[in-house]
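This report refers to the structure that appears directly beneath it.
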Amino acid sequence: MPAEVRDISKRLFGLAAEFDSPEAILEAAKHVRVQGYRHVEAYTPIPIDGLSEILGFRRTWIPAIVLCCAAIGAGGGFFMEWFANVVHLPWNIGGRPMNSWPAFIPITFEMGILFAGVSATIAMLALNKLPQPYHPMFRLDSFTEASRNRFFLCIESDDPLFDLEKTRQALETVHPLAISEVPR
Amino acid sequence: MTSSDLTTPRIFEARLPALIIGVGALAICAIALFFDPLHALRGYLIGWLFCLGISIGSMCIVMMHHLTGGAWGWLVRRPAESAGLTFLLLAILFIPIAIGAKVLFPWASTAAAAESVLVRHREPYFHTALTLFRALVFFVLWIVWGWRLHALSLEYDRTLDPTIASKLRRYSASGLVMVFITMSLAGMDWIASREVDWYSSTFGLALIVGQGVAGTAFLIVMLQLLRNAPRVSDAIKEKNRFHDLGNLLLTVVVLWAYISFAQLLVIWMGNMQDDITWFYHRTHRGWKVIAILLITIHFGLPFILLLFQGSKRNLRILATIAGGLLFMRAIDVIWMIVPSSRASAPRIISWLDPIGIVGVFGIWFSVFLTLLKRHPLIPLAFERVIEIVPYGRSKERQPAA
Amino acid sequence: MTTLSRGVELTDDPDRVIAPGETFASVTDQIAGVVQRPVTWLFMSAFGLAFTGVMMLLIAVSYLILKGVGIWGIDIPVAWGFAITNFVWWIGIGHAGTFISAMLLLMRQDWRTSINRFAEAMTLFAVACAGLFPLLHLGRIKYFYWLIPYPNTMGLWPQFRSALVWDVFAVSTYGLISLLFWYVGLIPDLASLRDRAKTRFGWMSFGILSLGWRGASRHWTRYQTAYLLLAGLAAPLVVSVHSVVGMDFSEGIVPGWHSTIFPPYFVAGAIFSGFAMVLTLAIPLRALFRMQNLITLRHIDNCCKLMLVNGLLVAYGYGSEIYTSFYSGSVYESFMTINRFIGPYAVGFWTLIFCNVLAPQILWFGSIRRNVIVVFALSIVINIGMWMERFIIIVTSLHRDYLPSSWGMYHPTIWDWATFIGTIGLFFTLFFLFARLLPVIAMAESREMVHETDGGVHPPRKMEPMHAR
Chain A
2 MPAEVRDISK RLFGLAAEFD SPEAILEAAK HVRVQGYRHV EAYTPIPIDG LSEILGFRRT
62 WIPAIVLCCA AIGAGGGFFM EWFANVVHLP WNIGGRPMNS WPAFIPITFE MGILFAGVSA
122 TIAMLALNKL PQPYHPMFRL DSFTEASRNR FFLCIESDDP LFDLEKTRQA LETVHPLAIS
182 EVPR
Chain B
549 MTSSDLTTPR IFEARLPALI IGVGALAICA IALFFDPLHA LRGYLIGWLF CLGISIGSMC
609 IVMMHHLTGG AWGWLVRRPA ESAGLTFLLL AILFIPIAIG AKVLFPWAST AAAAESVLVR
669 HREPYFHTAL TLFRALVFFV LWIVWGWRLH ALSLEYDRTL DPTIASKLRR YSASGLVMVF
729 ITMSLAGMDW IASREVDWYS STFGLALIVG QGVAGTAFLI VMLQLLRNAP RVSDAIKEKN
789 RFHDLGNLLL TVVVLWAYIS FAQLLVIWMG NMQDDITWFY HRTHRGWKVI AILLITIHFG
849 LPFILLLFQG SKRNLRILAT IAGGLLFMRA IDVIWMIVPS SRASAPRIIS WLDPIGIVGV
909 FGIWFSVFLT LLKRHPLIPL AFERVIEIVP YGRSKERQPA A
Chain C
0 MTTLSRGVEL TDDPDRVIAP GETFASVTDQ IAGVVQRPVT WLFMSAFGLA FTGVMMLLIA
60 VSYLILKGVG IWGIDIPVAW GFAITNFVWW IGIGHAGTFI SAMLLLMRQD WRTSINRFAE
120 AMTLFAVACA GLFPLLHLGR IKYFYWLIPY PNTMGLWPQF RSALVWDVFA VSTYGLISLL
180 FWYVGLIPDL ASLRDRAKTR FGWMSFGILS LGWRGASRHW TRYQTAYLLL AGLAAPLVVS
240 VHSVVGMDFS EGIVPGWHST IFPPYFVAGA IFSGFAMVLT LAIPLRALFR MQNLITLRHI
300 DNCCKLMLVN GLLVAYGYGS EIYTSFYSGS VYESFMTINR FIGPYAVGFW TLIFCNVLAP
360 QILWFGSIRR NVIVVFALSI VINIGMWMER FIIIVTSLHR DYLPSSWGMY HPTIWDWATF
420 IGTIGLFFTL FFLFARLLPV IAMAESREMV HETDGGVHPP RKMEPMHAR
């Protein structure tokens, strides 16, 4: 990597283009991906279906993680009941069998849901690397509108194709409202 | 009607064979009547209740669709309405049951009354004539609603008149209330009362949800059988549409399991002789195997399979699952009917039980197909009501209720 | 589609879930604006009234801890009085929030957007109020942790065959999952508030709470997956929780309790009363904060329809119980029913029949469903009726059970009333704080609504909405 480029990526996080509609940013995202940019991220006030896939997002592991945790929770819940009421403290309640499985189902179910729900939240935050109080995009003054009605597309400076002039031109062809440099 | 609509799917060729097989099987039942009246009539009752379940379930689905909307309902509306039209047939087929009530039901049997104080306690409500009169009332209501839902839907097809749509919604709302009340009472009359030493306040609900499973599964299987008919194949091109039928099937299966398990748990934990007999008879002497089958194949397996998108977006797989559930519905009806028996008689499955199911279902299915064939398989209003948007999601113009 | 100009204000068009002409910016500004507006005199006095209730609750609870549960009217045979009635009532109210958020999301009922956030908050506060009662009812509150299974030197475990232990798991799971569901839903909105904050303190606190949310597309995708999963988990959870509450009763072999329909019909009753409370809150809220464009008559209408459906299921439950008690041939069962009809608590029974079965039938008429005054009044009637239902189930079943020699009556004391009214104060205090400090309507989802329903401002959309996945 030439020294000049390294300099830019030290100084700049990327180049951000601003749009005012989901359709516009979808078009723009497709355009820059076709041009070969890889390190691109979009910041939008609403979820836009297909946008992350265009930007190279493959699949999320959350469902698999949640399924495993649900199984662990439910299995652990039943084991806890079985161990407590069959092995460790067997106690005859009205002649019901020690392993009263129908009576153990509700807690098994609740524990499965508990583990699944907590793991879904934690997995989502962890995979998103949140909480993250600081991010270079927050340095843009207009970025407060990203949670209102503006859609940002940022080509990051560590992209192999990143070049201040060429990237700016590439972004200009999709007619953004504004293009700004995002400092580190 | 377009000319292509006249190309009939091959399933309609099954009308005559189904009728022949049905009549043949019932002839066997009729012969068996002379040497084994209990089992002959019981097999017939099982078959009849199985078909009733499909009809009631299908009618409920039509009514639910009128109230909630959604593209999925249009795919199965005609078959569901046709199933709702079969109540007249079912009423006629009820006649042998009414005549054989003495053999089948404790409330009609003087011997049972002599044996059990509970039968005598229920005598005023279960007086034979009164119980049969109730059956008559149920049939009249079901026939009227089935007929009106079908006729109004055809009229809507012709006119697209919004007042008819709102009339349909009114019929549906009141119809669902009507079915919940009548079917719960009918379930007590025709099924629960056979287990004399037992009561359960949620039996009617569990039964209706089970019939919902039967209806949904049957309609999905019908969709698969009709898939090659021209307008049907166009309508099911959008996978999202029958995908929702899969979701509906998942919902009713889970609901059935939930209510059935709640019923089991309350009775099992209570462990009182007043209301334990139902589950006692149904979990002992080999019936345990059937009970486990019901848990695993009526709930566990379809539940897991239907969680995956793939099995709901492939009509063949979905219809296979639905077919399995329909089979399990028959098993469930057997499980509900057979173990209830007078103390002297054995509580075992007879070879006449499956014969009865084949017999009644054969005739019912043949009549159902005949009714279905009279009108376009997909309502003509479908294409006009559904606004097809290019990316697979369809909106309905009529206001979703 | 016609282009509708901005400025069309209130809409009575029943099909709209959001008024025409709204834009991404307008909904964000309007909802966030509520949080940033100065407090009004009306708000402060309502808050003060509710806070007085909290003070009363604190006094009642302190005295209870000091003296023990003897200060309440509970005794043998009626050992479950107001406390359990209130517990079931509150937890039932809490069910509508999750029902709206989870079930309606899964059923793609997009109208839920405007009401889900405050309904979820309502759930949390109702669960908080509900959770108090079993704990206070324990008697020795300091040993509450004995409910939780943990290895201990006494070698004891909770009795997992008991529905009361199921309750501990069900209610605490429900509280936690509802909190997560609510919070995950709030994250993008907290980011919106962070970006609109006018003070440094507001900016800091919303900044911390929003966890640094920046709306990155990959984040959104995972977020939506997690949110849908949470909905898929919360939907069966909501059913299980009130089923377990129902089994607290039906597992006991007391006539009037041991009924198999209790689990499903308690769920229906919970959602019924929950929707009543949603309407009790939503109707003043939309008037007070001028949100008729976001909480439209369509929302009121749909809530009424769902309330009617659940009310009919509840009525079915009553009918089925009465039918079964006579069908059963058990003298205890039929006596229990007759005792409810004409016994000492008959007034309560007929009140609940009026409130829960007869009164809701007016909802069959569309004109009534769109009359907010009538609907508001009816929602109060149903709240009362559903409280009465739990009271009747608990008290009439206990006060005359198998042994006539131990029959008795239940007389609530002033402390019963103080605790009950105190929790109502707590509920409204929390709700007022929420309405002031956090957005009462989901902003990000409202923006999605705008995107889906906009009147030709943008070219036709090419995407499926999140609910259709």
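Chains as they are written, first to last, in this note's numbering: chain A, 2 to 185; chain B, 549 to 949; chain C, 0 to 468. Ideal Cβ positions, reconstructed from N, Cα and C, are used throughout, including at glycine. This structure is a prediction, so every number in the text was calculated from the model and none was measured.
Query - Given C:Gln29 as reference, the closest of C:Met442, C:Thr259 and C:Ser327 once Cα atoms are compared - result: Out of C:Met442, C:Thr259 and C:Ser327, the CA that lies nearest to the CA of C:Gln29 is found in C:Met442.
- Message: Under 9 Å, Cβ to Cβ, is there at least one residue of chain D near C:Val356?
- Response: No chain D is present in this structure, whose protein chains are A, B and C.
**Prompt:** To the nearest angstrom, how far is it from the Cα of B:Leu855 to the Cα of B:Arg861?
**Reply:** 11 Å
Quiz item: Counting along the chain, where does the alpha helix (DSSP H) carrying B:Cys599 start and finish?
Solution: In the DSSP annotation of this structure, the continuous segment of the alpha helix (DSSP H) that includes B:Cys599 starts and ends at Pro585 to Thr616.
Check your understanding: DSSP on C:Pro76, reduced to helix/strand/coil?
Key -> Three-state DSSP puts C:Pro76 in coil, outside helix and strand.
Just to confirm the assignment, what range does the alpha helix (DSSP H) spanning B:Phe856 have? That residue, B:Phe856, is in no alpha helix (DSSP H); it is neither H nor E in DSSP.
| request: Compare the C-beta of A:Arg149 with all C-beta atoms of chain B and state if any pair is closer than 9 Å. | output: no
Query raised in the report: Who are the Cβ neighbours of B:His923 in its own chain at under 7 Å, not counting the five residues just before and after it?
Result: The answer, listed in chain order, is Arg626 and Leu702.
Please return the same chain residues whose Cβ sits closer than 6 Å to the Cβ of B:Ala661, not counting the five positions on each side in sequence. Val667 and Arg668
Practice task
Mind checking the stretch 84–114 of chain A against chain B and listing, in chain order, the residues whose C-beta falls within less than 9 Å of any C-beta there?
Solution key: Gly95, Gly96, Arg97, Ser101, Pro103, Ala104, Ile106 and Pro107
### Task
Go ahead and pull the three-state DSSP assignment for A:Ile156.
strand
* Excluding five sequence neighbours on each side, which residues of the same chain lie with their C-beta closer than 7 Å to the C-beta of B:Val780? -> A distance below 7 Å between beta-carbons, with the five flanking residues on each side excluded, links B:Val780 to the following residues of its chain, in chain order: Leu774, Leu925 and Ile926.
Q: Using a Cβ cut-off of 7 Å, pull out every chain A residue sitting near B:Met817, in sequence order please.
A: Ala104
- Taking C:Ala49 and C:Phe427 to be in contact with their CB atoms under 8 Å, please state how far apart those CB atoms are, rounded to whole angstroms. 4 Å
request  = Return helix, strand or coil for A:Val183, following the three-state DSSP convention.
outcome  = DSSP, reduced to helix, strand and coil, places A:Val183 within a strand of the structure shown.
Q. Taking Cβ-Cβ distances below 8 Å as the criterion, which residues of the stretch 804–815 of chain B are in contact with chain A?
A. Phe809, Leu812 and Leu813
Using a Cβ-Cβ cut-off of less than 7 Å, give me the residues of the stretch 142–175 of chain A that come near chain C, in sequence order. Thr145, Ala147, Ser148, Arg149 and Asn150
With contact counted as at least three CB pairs below 8 Å, one residue from each stretch, are the stretch 38–57 of chain A and the stretch 202–214 of chain C in contact? yes
Q) At least one CB of chain A closer than 9 Å to the CB of C:Phe180: is that the case? A) For C:Phe180, the answer is yes, since a Cβ of chain A falls inside 9 Å of its Cβ.
_Taking the straight line between their C-alpha atoms, what separation do you get for C:Phe180 and B:Val886?_
Whole-angstrom Cα-Cα distance: 47 Å.
Select from the stretch 747–778 of chain B all residues with a C-beta closer than 8 Å to any C-beta belonging to chain C, and list them in chain order.
Tyr747, Ser748, Ser749, Thr750, Phe751, Gly752 and Leu753
Looking at chain A, is there any beta carbon in it that lies within less than 9 Å of the beta carbon of C:His257? no
Checklist entry - Along chain C, in chain order, which residues have C-beta atoms closer than 9 Å to that of B:Phe728? => result Leu311, Leu312 and Tyr315
| message | With distance defined between alpha-carbon atoms, name the residue in B:Arg789, B:Leu716 and B:Ala566 nearest to B:Ala619. | response | The residue with the shortest Cα to Cα distance from B:Ala619 is B:Arg789.
Proximity test, Cβ basis, 9 Å: B:Met820 and chain C: yes
B:Ile802 versus B:Val837, B:Tyr828 and B:Leu842, residue with shortest Cα-Cα distance = For clarity, residue 802 of chain B is Val in the given sequence; the question names Ile instead. It is B:Leu842 whose Cα lies nearest to the Cα of B:Val802.
Quick one: grab the DSSP three-state call for A:Gly15.
strand
Open item on the list: Does the contact criterion of 3 or more C-beta pairs under 8 Å hold for the stretch 121–137 of chain C versus the stretch 190–207 of chain C?
Closed with: The answer is no - the stretch 190–207 of chain C does not touch the stretch 121–137 of chain C, with fewer than three Cβ pairs under 8 Å.
Residue range of the unbroken alpha helix (DSSP H) whose run includes A:Val35
Pro23 to Val35
- Message: Taking only three categories from DSSP, how would you classify C:Phe364?
- Response: coil
In this structure, what does DSSP give as the bridge partners for A:Glu42?
-> Per DSSP, A:Cys155.
Reduced DSSP category for A:Phe163 - H, G, I as helix; E, B as strand; rest coil
coil
Please decide whether B:Asp823 counts as near chain C, where near means a Cβ-Cβ distance under 9 Å. Using a Cβ-Cβ cut-off of 9 Å, B:Asp823 counts as an interface residue toward chain C, since at least one Cβ of chain C sits closer than that to its own.
Worksheet item: What residues of chain A sit near C:Pro76, judged by a beta carbon separation below 8 Å?
Response: Within chain A, no residue comes near C:Pro76; the closest Cβ sits about 20 Å away, beyond 8 Å.
- Message: Assuming the contact rule is C-beta atoms closer than 8 Å, B:Ile594 and B:Ile882 should be a hit. Round their C-beta distance to whole Å, please.
- Response: 6 Å
Within a Cβ cutoff of 7 Å, which residues of the same chain sit near B:Ala656, ignoring the five residues on either side of it in sequence? Ala649, Lys650 and Thr676
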